[in-house]
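Participant:
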Amino acid sequence: MRSLAVVVIASVIWTITDAEEVKSCCTNVSAAEVIDPIISFRMQRESLPCVRAVM
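Taking mature numbering (1 follows the signal peptide of the UniProt record, and there is no 0), I'd label the letters of the sequence shown as residues -19 to -1, 1 to 36.
#1: Straight-line CA distance for I19 to A34?
#2: DSSP three-state label for M36, please.
#3: Below 7 Å CB to CB, which residues in the same chain sit around F22 once its five sequence neighbours on both sides are set aside?
#4: Which term fits E14, buried or exposed, when burial requires 16 or more other beta carbons within 10 angstroms of its beta carbon?
#5: Looking at the structure shown, is C7 part of a helix, part of a strand, or coil, going by DSSP?
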């Protein structure tokens, strides 16, 4: 019975973890000077949690 409870708890945690969506965007920006040469850039529009940025 104890092992069944462990399996149920583990499956709930696994389900919650899988439900989290991973965002691949900038969530904060800086005004640091760019030293390396710029080869290309990409504009990112604001769509929370992503912020408006030039990458």
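Backbone N, C-alpha and C fix where the C-beta goes; we use that ideal spot for every residue, glycine too.
Facilitator: This is what the structure gives:
#1: Computed Cα separation, rounded: 15 Å.
#2: If DSSP states are grouped into helix, strand and coil, M36 belongs with coil.
#3: Closer than 7 Å at Cβ, skipping near neighbours: V35 and M36.
#4: By the beta-carbon neighbour count (other beta carbons within 10 angstroms, threshold 16), E14 is exposed.
#5: Three-state DSSP puts C7 in coil, outside helix and strand.
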